[in-house]
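To start, the structure itself, in structure tokens.
There are 2 protein chains.
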Amino acid sequence: MNAPQSPMDLALALAEEAAANGEAPIGAVVVENGKILAAERNRMQALGDPTAHAEMLAIRKALEVRGTGRLDGCDLYVTLEPCAMCAGAIAHVRLRRLYYGADDPKAGAVDNGVHLFAQPTCHHAPEVIAGVGERRSRSLLKDFFAGLR
Amino acid sequence: MNAPQSPMDLALALAEEAAANGEAPIGAVVVENGKILAAERNRMQALGDPTAHAEMLAIRKALEVRGTGRLDGCDLYVTLEPCAMCAGAIAHVRLRRLYYGADDPKAGAVDNGVHLFAQPTCHHAPEVIAGVGERRSRSLLKDFFAGLR
Chain A
369 MNAPQSPMDL
379 ALALAEEAAA
389 NGEAPIGAVV
399 VENGKILAAE
409 RNRMQALGDP
419 TAHAEMLAIR
429 KALEVRGTGR
439 LDGCDLYVTL
449 EPCAMCAGAI
459 AHVRLRRLYY
469 GADDPKAGAV
479 DNGVHLFAQP
489 TCHHAPEVIA
499 GVGERRSRSL
509 LKDFFAGLR
Chain B
369 MNAPQSPMDL
379 ALALAEEAAA
389 NGEAPIGAVV
399 VENGKILAAE
409 RNRMQALGDP
419 TAHAEMLAIR
429 KALEVRGTGR
439 LDGCDLYVTL
449 EPCAMCAGAI
459 AHVRLRRLYY
469 GADDPKAGAV
479 DNGVHLFAQP
489 TCHHAPEVIA
499 GVGERRSRSL
509 LKDFFAGLR
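From first to last, the protein sequence lines are chains A and B. Going from the first sequence to the working numbering is simple: count from 1 and add 368. Going from the second sequence to the working numbering is simple: count from 1 and add 368.
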């Protein structure tokens, strides 16, 4: 019998599924009081849409499921530090907490780049917990991009 | 006989339509070589989705119509300065030019806030032309928010 999967384990499994489908390995899960509202992965190639990041898809799905027009009180688990687009979306929907795996010095916008949530113009900043599942996330990303070369 | 409508006139008409439907008045149009690929407006209330900004909807629609997975060579006309989420999306899809109407000192991320396109971590920056249709855009926004008070 397997132990129940943590939200980050599920996000990592989705990242792995993304890689198996030729997508950059990133997964995202939205949780409310221990209940999973949405679990999505990167679908940029499949949808021909460079905005189809795991976080954006998970946020839209969770909004649909919840039906309140907001995700306050909900937490997002994502395997890679969100970019500016996704960080902006996180602020718009008022997510309570952001757990992320690997940091992204090139495109990250939370603890790198524009540090969006630390800006005075940012109208909502979630609590941020970095480094959850970092090692496995980084290894999936490294293998994927090595395979592309 | 009316003169042909410019893309920004169309975006402003969509902003007006948004206001008439109880949405913040913002419209966005994607154009390629004079051809309109997408014309959308804010639908946050209707969709119960705070990420349903006019720009995001227009970008996704234009990607769908074009089918190339990018919007390089295309231009976006939007009545208000984009936020960080939308500016991030603009960079991801590699839009050529961004024309916007009113600036947004509170939530704008192009010439205000994080100045996303000026950051060293920004992988693509469109040419930016600000102030197109500014007066009408600002007047629509002012009337809408005055009506909410």
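Cβ atoms here follow ideal geometry from the backbone N, Cα and C, with glycine treated the same way.
CA-to-CA distance, R411 (chain A) to G390 (chain A), given in whole angstroms: 9 Å
Min CB distance H460 (chain A) to chain B below 7 Å: yes
Interface residues of the region 466-488 of chain A facing chain B [CB-CB below 9 Å]: P473, K474, A475, G476, A477, N480, G481, V482, H483, L484, Q487, P488
Check whether V322 (chain A) and D443 (chain A) have beta carbons under 7 Å apart: This structure cannot settle anything about residue 322 (chain A), because the visible part of chain A is limited to 369 through 517.
Inter-residue spacing [alpha-carbon to alpha-carbon] between A426 (chain A) and I458 (chain B): 20 Å
Chain B residues whose Cβ lies nearer than 9 Å to that of L405 (chain A): Simply none; closest approach about 14 Å.
Inter-stretch contact (C-beta, 8 Å, three-pair minimum) for the region 459-467 of chain B and the region 404-418 of chain B: no
C-beta neighbour in chain A for I497 (chain B), strict 7 Å: no
When A:E449, A:A392, A:F513 are compared against Q413 (chain A), the one with the closest alpha-carbon: A:A392
Member of B:F485, B:V433, B:E384 whose CA lies at the smallest distance from the CA of G456 (chain B): B:F485
Alpha-carbon to alpha-carbon, G402 (chain B) and A430 (chain B): 14 Å
Where M369 (chain B) falls, given that 16 or more other Cβ within 10 Å makes a residue buried: With a pLDDT of 48 at M369 (chain B), under the threshold of 50, the modelled position of this residue cannot be trusted; read the value that follows with caution. By the neighbour-count rule (16 or more Cβ atoms within 10 Å), M369 (chain B) is not buried but exposed.
Reduced DSSP category for M369 (chain A) - H, G, I as helix; E, B as strand; rest coil: Residue placement at M369 (chain A) is flagged as unreliable, the pLDDT there being 48, under the threshold of 50; the coordinate-derived value follows with that caveat. Here M369 (chain A) sits in coil by DSSP.
Chain C contact residues for R409 (chain B), given Cβ-Cβ distances below 9 Å: Although the question refers to chain C, the structure presented lacks it and instead comprises the protein chains A and B.
Within-7 Å CB hit, D417 (chain B) to chain A: yes
Own chain residues within Cβ distance below 8 Å of V500 (chain A), not counting five before or after: M376, Y445, Y467, Y468, G469
Residues near C490 (chain A) by beta carbon distance below 7 Å, same chain, minus five either side: A459, L484
Simplified DSSP assignment, three categories, for A392 (chain A): coil
Separation of A475 (chain B) from P450 (chain B), as counted between CA atoms: 8 Å
Own chain residues within Cβ distance below 7 Å of F512 (chain B), not counting five before or after: A387, A392, P393
Simplified DSSP assignment, three categories, for L548 (chain B): Since the first residue of chain B shown is 369 and the last is 517, residue 548 (chain B) is not available in this structure.
CB contact check: A457 (chain B) to chain A, cutoff 7 Å: yes
Closer than 7 Å to chain B by CB, C442 (chain A): no
Between the CA atoms of P494 (chain B) and D440 (chain B) - distance to the nearest angstrom: 10 Å
Close Cβ partners of L378 (chain A) (< 6 Å) along its chain, the five nearest in sequence each way excluded: V397, A407
Contacts around G437 (chain B), its chain only, beta-carbon distance under 8 Å, and the 5 residues preceding and following it disregarded: L431
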